[in-house]
Structures are given as C-alpha cells and as structure tokens.
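Trainee: In the numbering used here, the protein residues as written are 63 to 538. Quick one: structure below, then a few questions.
Written out as structure tokens, the structure reads:
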C-alpha cells in the first residue's frame, strides 16, 4: 500500500488549460511520508464527480511513479492515539467503523439516499465487494460554501472517504481509504495576492494563481491508505488516522433541529457544527478587500454503535440451592437499545428470547442432574453487539426432604416427684403422659433410691410425651 500524504494543487499543472493534463513531483515530508504534487483540471460537475475523477487520476499516476514514491517515502505512524480503525468487514474489505478521539463512531454511510452522499446500488441487498457497493463512499463528510463576489465556487470540503484504485470499477483488493481537506475558490480573488483561509482543522496561507484569467485557489490534501502497489494491499487502514479531518464534524446538538437518529447530520440542511480541535467551527477567507465567513455546513455520516449491552442474571442468587420449578430472571441495558435477551442454562437456551428487559423464564430443575449448574444471560443490541452476563452458579437438589417432626401433643403439668422412690416417681410421670430418664448422684440428705431433683420442675406445662429428667440418690 502507498500510505502517506498527497497534496493536489492545480497551479502546478503542466498543461494549464487541458483537462487531464498533469505533472507529478514526489518529495519527502517532515513526518516521514510523502507529498505528491498532482496537477490536473477538475470538472465542475459536483463534489462527488470531482472526487471520483481525482481518485481515478491519482490511481493512474501512481503506477508510473511508484518506484520514486517508494524510494522517497517511509510509512507514516501506524495510528494516532485515541483514533480507532475498526475491524475489516469481510463483505466489503473496508473497516466496519471509525472512532475519533471524542468517541464519535461512524460506519460507511451507504444506506440512505437522502442522508448519505452515495449509497448501495441495491438498497434491498447487503453490502458486498464486488456486487453491491458504491465506487466512492464516506464515513464523514462536511462542506461549507461562501458567497464571494465574482466567484463561481468557494468551497471547503473535509471528509474521510473510501474508494477503489480503478474506480468506477469496484474490485476486491483495490480498496483505498483516506482523509480529505479541500479548499476550492474560483474567481473573486486578486491574482498573486496572499489569502488566509481558516477552517475547523487549522489555517491555510496561500496565493491566488491565474487560472483562465481569474484568481484561483484549488488545493486538496488526501492522507491515508491511497493505493496498492504490487504485493501489498489495504488494509491495514490505520494511516487514515493521521489525516487532517479528525475529530469528525457533527451537527451542534445545542441548536435545533437535532440530527436524524443514527446520523451526525443531514446533507440537505445547512447547520452549525461542533468537532473542531481548534474551536473554529467555521470557514473563513481573508485577503485584500475580503473577509467573509460561514458557520453553516452540510454534514453527512452514519453513527455505529461499538458498545455491547450489559446483561445480568438477577434470580436465583449465586450459591442458591434450587429444586422443583423455579423462575430465572435476567435484565439487560444498552446505550442505544436492547433487541434480544436470552437466558442460558449450561450454555443452552432456556426458554425463548425476549425483545425487552427484564426476562423471566421457568426452569424445571427435575429435568437437570443434581449438583452445580451455570446460568447466564446474553443480550444483543441494534448494532449487533453482544453482551454476556457473569456466570451464576446454583446447586440442584431434588432429593426428598426429611419428614417433619410430629405435631406436639396437648399440654400437661409435670407432677412433683422429688423425694419419692424412683418407681413411684416414674409411675406418676407416666400417668400424665410423660416419659422419664434417670441419672444418679450421691446425696447426704436424700435416702438411697429417692429422687433428688427433676427437670422440668413440678407444675411445668409441657407437651404430652415430653421427657422429665430425674436424678436419684446413691446415698452419702
């Protein structure tokens, strides 16, 4: 892959007035990547048309200069901190999403003809390369226009976009992904004068050149994984994180209307934005007798959810012993929305899944073996993320419980048997429906064979069948 910086400036064309005329001059950058000064005429047929034209022409120019580029370039840093390139979607060969340093997560915006700059050829089918994918698409896309007297166009474009080396051909192994910063002003400028252009990602100081008799500024910077070379293909796509338009511009949430659900804006509605790392959420041009700006942008981008839901088994509790049929309950939460909640017993579905939380299912434990079992809950969200709960271990014990003790009999009073002969005492105790046990002890005051003490004491109310403990004298 050719990973680095490409700066396109129309003022360096070899054939200034010929569409398609171009020159290519590679040189090193301070960051260890490379710059290709690529000059050509771009059509005024629209943003997408010119973008596609540029990608195709860059692809055509690169093979001829590939040797020079490789000799003069070294890889750019793999990835900027806190900017994340998601895993590659096997259906398309592009990342499933990108996350900027502020946590905005964006997917390829290809599913809505109103909200996306380009869409799948067949919106009723899943994306696929080749077969069902546009030759150019965007993760983030923002443009702003100025009304400069005498100009035919005064445009700022910032985007992170993907395409193919041989676009409009959509071919596997030919994927390219790059961040773009473009400033294009034709007319309304003083030829040879210096202009200061402020945009959300910095400041550009440049000179207006003579293009067909009008002052013109026409500069495009593309940084990322731009084109394959023999034996090396994209991905990895991490060089795109070194490009300029990060973090992504999104509609200002404090200003109505709100962005459509699941999107960062609507390209057909001009809106203020947030996201500029410098705080300059605007497009401004300053120069001789000119100072104009706008804070309104056309924005497109589809959000993607990388956060899995959280699932919890709330009943029974961990360590519980269960028997018979018991309810099992689980809950789930998600930052966007839970679409499915399933309880599992030993990794096998227990009951049916629910589209909402909480979920309770019945578990007939008599169908499970005695001993330890695992309960878990699995939740899914709108984006297909999966969250699994912690395991709850419970013990199944369906053995017959011991019989309960017999109910107590009627209450009776214990007789007074202290001082009586043992046989007489036992007879009196038995007569009221009680039992007795006997132990012996020496006593200097109680004759041999007579009761020294009893427990319970006399006149105690005890259930029928209770025991009275007797202590009988052995003499001194």
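Glycine is no exception: its CB is placed at the ideal position from the N, C-alpha and C atoms. This structure is a prediction, so every number in the text was calculated from the model and none was measured.
1) Among the residues of its own chain, which have a CB less than 6 Å from the CB of residue 334, if the five just before and after it don't count?
2) Taking Cβ to Cβ, would you say residue 516 is nearer than 7 Å to residue 480?
3) Can you give me the Cβ contacts of residue 237 inside the same chain, cut-off strictly under 7 Å, excluding the 5 residues immediately before and after it?
4) Beta carbon of residue 397, beta carbon of residue 369: below 7 Å?
5) Please name the residue or residues paired with residue 257 in a DSSP beta bridge.
6) Buried or exposed: where does residue 177 fall if 16 or more other Cβ atoms within 10 Å of its Cβ makes it buried?
7) Looking only at its chain, what residues have a beta carbon closer than 7 Å to the beta carbon of residue 389, apart from the 5 residues adjacent to it on each side?
8) I need the straight-line Cα distance from residue 438 to residue 194, nearest angstrom please.
9) Which parts of the segment 451-528 are runs of the alpha helix (DSSP H), unbroken and 4 residues or longer, counting only runs that do not cross its ends?
10) With a cut-off of 8 Å, do at least 3 Cβ pairs link the segment 270-289 to the segment 232-247?
11) Using 7 Å as the threshold, is the C-beta distance between residue 285 and residue 359 below it?
12) With distances taken Cα to Cα, identify the nearest neighbour of residue 197 among 206, 214, 172, 219.
13) Whole-angstrom Cβ separation of residue 347 and residue 259, contact assumed at under 8 Å?
14) Buried or exposed: residue 44, going by 16 or more other Cβ atoms within 10 Å of its Cβ?
15) Express the C-alpha separation of residue 200 and residue 306 in angstroms, rounding to a whole number.
16) Is residue 435 near the ligand MG, judged by its Cβ being under 6 Å from some heavy atom?
17) My parser needs the beta strand (DSSP E) runs of 3 or more residues fully inside the segment 390-459; what are they?
18) Hey, out of 484, 492, 490, 507, whose CA is closest to residue 500's CA?
19) Mind checking whether residue 345 and residue 255 have CB atoms under 7 Å apart?
20) Buried or exposed: which applies to residue 64, given that a residue is buried once 16 or more other Cβ atoms fall within 10 Å of its Cβ?
21) Taking the C-alpha atoms as reference points, what is the distance between residue 410 and residue 150?
22) Within a Cβ cutoff of 6 Å, which residues of the same chain sit near residue 212, ignoring the five residues on either side of it in sequence?
23) I need the straight-line Cα distance from residue 253 to residue 304, nearest angstrom please.
24) What does the Cβ neighbour count give for residue 230, buried or exposed, with the cut at 16 atoms within 10 Å?
25) Determine the contact status of residue 454 and residue 502, defining contact as a CB-CB distance below 7 Å.
26) Roughly how many whole angstroms lie between the Cα atoms of residue 181 and residue 175?
27) Tell me which residue opens and which closes the beta strand (DSSP E) that residue 376 is part of.
28) Give the straight-line distance between the Cα atoms of residue 337 and residue 168, rounded to the nearest whole angstrom.
29) Give me the Cα-Cα distance between residue 164 and residue 265, rounded to the nearest whole angstrom.
30) What's the call for residue 166, buried or exposed, on a 16-neighbour Cβ count within 10 Å?
31) Specify, as a first and last residue, the run of the beta strand (DSSP E) that residue 233 falls within.
32) Exposed or buried, what is residue 136 when buried is set at 16 or more other beta-carbons lying within 10 Å of its beta-carbon?
33) How far does the beta strand (DSSP E) with residue 581 in it extend, from its first residue to its last?
34) Name the residue from 302, 327, 400, 448 whose alpha carbon lies nearest to the alpha carbon of residue 162.
35) Can you give me the C-alpha to C-alpha distance between residue 235 and residue 458, rounded to a whole angstrom?
Mentor: Once the coordinates are examined:
1) As a first step, residue 334 must be located in the chain shown, where it is residue number 272. Beyond the five residues adjoining it in sequence on each side, residue 334 comes within less than 6 Å, by CB distance, of 314, 317, 357 in the same chain, given in chain order.
2) Counting from 1 along the chain shown, the entry for residue 516 is found at position 454. Counting from 1 along the chain shown, the entry for residue 480 is found at position 418. Cβ atoms of residue 516 and residue 480: closer than 7 Å.
3) For the purposes of this step, residue 237 is identified with residue 175 of the chain shown, where counting begins at 1. So the list reads 155, 156, 224, 226, 296, once near-sequence residues are dropped.
4) Here the question's residue 397 lines up with position 335 in the chain shown. Here the question's residue 369 lines up with position 307 in the chain shown. A distance below 7 Å separates the beta carbons of residue 397 and residue 369.
5) The sequence position of residue 257 within the chain shown is 195, counting from 1. Answer is 268, bridged to residue 257.
6) In the chain shown, counting from the first residue as 1, residue 177 sits at position 115. The Cβ neighbour count for residue 177, taken over all protein chains shown within 10 Å, is at least 16; the residue is labelled buried.
7) Taking the first residue of the chain shown as position 1, residue 389 is located at position 327. Excluding sequence neighbours, residue 389 sits near 377, 422, 424.
8) On the chain shown, position 376 is the one that residue 438 refers to. On the chain shown, position 132 is the one that residue 194 refers to. Pairing residue 438 with residue 194, the inter-Cα distance amounts to about 39 Å.
9) Annotation note: the segment 451-528 contains the following uninterrupted alpha helix (DSSP H) runs of length 4 or greater, listed N- to C-terminal: 484-493.
10) A contact exists between the segment 270-289 and the segment 232-247.
11) Numbered from 1 along the chain shown, position 223 holds the residue referred to as residue 285. Numbered from 1 along the chain shown, position 297 holds the residue referred to as residue 359. Not a contact, by the Cβ cut-off of 7 Å.
12) As a working mapping, residue 197 is identified with position 135 in the chain shown. Among 206, 214, 172, 219, the Cα nearest to that of residue 197 is on 172.
13) The count along the chain shown starts at 1 and reaches residue 347 at position 285. The count along the chain shown starts at 1 and reaches residue 259 at position 197. Beta-carbon to beta-carbon, residue 347 and residue 259 are separated by about 5 Å, close enough to satisfy the 8 Å threshold.
14) Given that the chain is displayed from residue 63 to residue 538, the structure contains no residue 44 and the question cannot be resolved.
15) To locate residue 306, count along the chain shown from 1; it is residue 244. To locate residue 200, count along the chain shown from 1; it is residue 138. Between residue 306 and residue 200, the C-alpha separation is close to 15 Å.
16) Ligands in the displayed structure: none, and consequently the ligand MG is not present.
17) Annotation note: the segment 390-459 contains the following uninterrupted beta strand (DSSP E) runs of length 3 or greater, listed N- to C-terminal: 400-407, 421-426, 433-443, 448-450, 454-458.
18) Locating residue 500 in the chain shown gives position 438, counting from the first residue. Checked all of 484, 492, 490, 507; the closest Cα to residue 500 is 484.
19) Sequence index remark: in the chain shown, residue 345 carries index 283 (1-based). Sequence index remark: in the chain shown, residue 255 carries index 193 (1-based). No, they are not a contact pair.
20) Walking along the chain shown from the start, residue 64 turns up at place 2. Note on residue 64: pLDDT 41, under 50, position unreliable in the model; the coordinate value appears next. Per the 10 Å Cβ criterion, buried.
21) Looking up residue 410 in the chain shown gives position 348. Looking up residue 150 in the chain shown gives position 88. Rounded to whole angstroms, residue 410 and residue 150 show a C-alpha spacing of 30 Å.
22) Within the chain shown, residue 212 is the residue found at index 150, counting from 1. Hits under 6 Å: 249, 250.
23) Within the chain shown, residue 253 is the residue found at index 191, counting from 1. Within the chain shown, residue 304 is the residue found at index 242, counting from 1. Here the C-alpha atom of residue 253 lies approximately 33 Å from the C-alpha atom of residue 304.
24) Start at 1 with the first residue of the chain shown, and residue 230 comes out as number 168. Counting C-beta atoms within 10 angstroms of its own C-beta, residue 230 has fewer than 16 neighbours from the protein chains shown and is therefore classed as exposed.
25) In the chain shown, counting from the first residue as 1, residue 454 sits at position 392. In the chain shown, counting from the first residue as 1, residue 502 sits at position 440. Against a cut-off of 7 Å, the Cβ pair of residue 502 and residue 454 comes out as no contact.
26) The residue you call residue 181 lines up with position 119 of the chain shown. The residue you call residue 175 lines up with position 113 of the chain shown. Answer to the nearest angstrom: the Cα atoms are 6 Å apart.
27) Along the chain shown, one-based indexing puts residue 376 at 314. Here the beta strand (DSSP E) through residue 376 covers 372-377.
28) What you label residue 337 is simply residue 275 of the chain shown in a count that begins at 1. What you label residue 168 is simply residue 106 of the chain shown in a count that begins at 1. Cα to Cα, the separation comes out at about 14 Å.
29) Position 102 of the chain shown, counted from the start, is the residue given in the question as residue 164. Position 203 of the chain shown, counted from the start, is the residue given in the question as residue 265. If you take the alpha carbons of residue 164 and residue 265, they lie about 22 Å apart.
30) For this step, residue 166 is matched to residue 104 along the chain shown. Burial call: buried.
31) As a first step, residue 233 is located in the chain shown; it is residue number 171 there, counting from the start. No beta strand (DSSP E) contains residue 233, which DSSP labels as neither H nor E.
32) Your numbering for residue 136 matches position 74 in the chain shown. Caution applies to residue 136, whose pLDDT of 27 falls short of 50 and renders its modelled position unreliable; the value that the coordinates give is listed next. Under this definition residue 136 is an exposed residue.
33) Any property of residue 581 remains undetermined from this structure, which presents the chain solely from 63 to 538.
34) Mapped onto the chain shown, residue 162 falls at position 100. For residue 162, the closest alpha carbon among the candidates 302, 327, 400, 448 is that of 302.
35) Here residue 235 refers to the residue found at position 173 when the chain shown is read from its first residue. Here residue 458 refers to the residue found at position 396 when the chain shown is read from its first residue. Cα to Cα, residue 235 sits roughly 55 Å from residue 458.
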